[in-house]
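Everything below concerns the one structure shown next.
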Amino acid sequence: MMKFRFATALLSMCLLATQTSVGSDDGGVGEFLSNGVTAHRGNSGEFPENTMPAFRSGIEVGADWIELDIFRTRDGRLVVVHDATTGRVGNLDRVVAESTYDELLGVDVATDFRKRTGKSVADCPPQRIPLLEDVLKMVIRQRRTRVSIQPKVDCVADAVALVRRLKAEPWVGFNDGNLAYMAEVKRLEPEIPVFWDRGPETDLAADVRVARQHDFEALVLRHDGITAAKVQQIRQAGFEVGAWTVNDRNEMSRLLDLGVQRIYTDHPRLLLELHAERRR
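Going left to right, the sequence shown walks through residues -23 to -1, 1 to 257 as mature numbering (1 follows the signal peptide of the UniProt record, and there is no 0) numbers them.
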């Protein structure tokens, strides 16, 4: 089995000023970061989740991976949004699969973020649901951070085809708990890394056997079910071990002490600061 080696100031404004590292083409120069920090739905603690500002910020703060979710629209576009409907994050409630992309562009997906944070429209301008293609085009203009795609519906083949068309394979991984989806990734593109999500009460011995069968690279467990024994079991089997989704500093420290190698978080800056402190 070919094992993948992981490419392992709070901002006051929601509108992110584009930085050179993201906004300009570096010609592929440089190495991917490797720090075990996955920015969950981008830097979603500081910006509206699954939006371009959140993804740019995830890259700029230094996460080695950003993570996003995809659905397919009625007109066949792959869009970046977590839920089947837009009501939780937006000002309008639309069923993604029953809407065209043009119809979804009418939804301001920064609405809930402004409500939760007390930001004004001036501080946090309206945001639209991005296309997966647009996120990938942005990501491949730099070589620091990769992007992990979580398919929320049966759209793996379309996503892989898009990745191939953009020649974005080196920048891309996939994550989800759906075995069929993750196995399809490996069938179509064996070199693309898969982070297989598992719940707190999963049968870990069975999961290790399945992961080995499909050549997955990592098992990512819900953080509250992680123990030292589970971490040891996963690592001894030759897989990277990750945890989702962790926003509490003390819990981050506990997991790092146990040997967890990757943490998904809405607050990548916090986790990076913790890593820096632990190196001192």
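The beta carbon of each residue, even a glycine, is placed where N, CA and C say it ideally should be. Please read all numbers here as calculations on a predicted model, not as lab measurements.
What's the gap between the Cα of residue i and the Cα of residue j?
i: Asp192; j: Glu161; result: 12 Å
i: Val130; j: Leu139; result: 16 Å
i: Gln210; j: Val218; result: 10 Å
i: Val98; j: Arg256; result: 39 Å
i: Val86; j: Val73; result: 13 Å
i: Thr222; j: Arg18; result: 11 Å
i: Glu146; j: Leu251; result: 30 Å
i: Val112; j: Arg91; result: 22 Å
i: Arg239; j: Gln213; result: 16 Å
i: Pro128; j: Val84; result: 21 Å
i: Asn224; j: Thr15; result: 12 Å
i: Glu23; j: Asp153; result: 24 Å
i: Glu194; j: Arg123; result: 15 Å
i: Phe32; j: Asp135; result: 21 Å
i: Arg51; j: Tyr78; result: 8 Å
By DSSP, does residue i sit in helix, in strand, or in coil?
i: Asn227; result: helix
i: Gln127; result: strand
i: residue 259; result: Since the first residue shown for the chain is -23 and the last is 257, residue 259 is missing from the structure and cannot be characterised.
i: Asp174; result: strand
i: Val72; result: strand
i: Gly202; result: helix
i: Leu143; result: coil
i: Leu109; result: helix
Can you say whether residue i is buried or exposed, counting buried as having 16 or more other CB atoms within 10 angstroms of its CB?
i: Asp2; result: Note that Asp2 has pLDDT 40, beneath the 50 cutoff, so the model's placement of it is unreliable and the number below is only indicative. That one is exposed.
i: Pro182; result: The question names Pro, but residue 182 is Ala in the sequence shown. When all chains shown are included, Ala182 counts as exposed.
i: Arg189; result: exposed
i: Glu44; result: buried
i: Glu26; result: buried
i: Ser34; result: buried
Give me the residue from the options with the minimum Cα distance to residue i.
i: Ala28; options: Leu10, Asn12, Gly13, Val58; result: The question names Ala, but residue 28 in the sequence shown is Thr. The shortest Cα separation from Thr28 among Leu10, Asn12, Gly13, Val58 belongs to Val58.
i: Leu82; options: Thr88, Arg93, Gln104; result: Gln104
i: Gly39; options: Glu194, Arg121, Ala205, Tyr78; result: Arg121
i: Ile117; options: Lys96, Pro102, Asp100, Arg141; result: Arg141
i: Gly236; options: Leu249, Ala205, Arg246; result: Ala205
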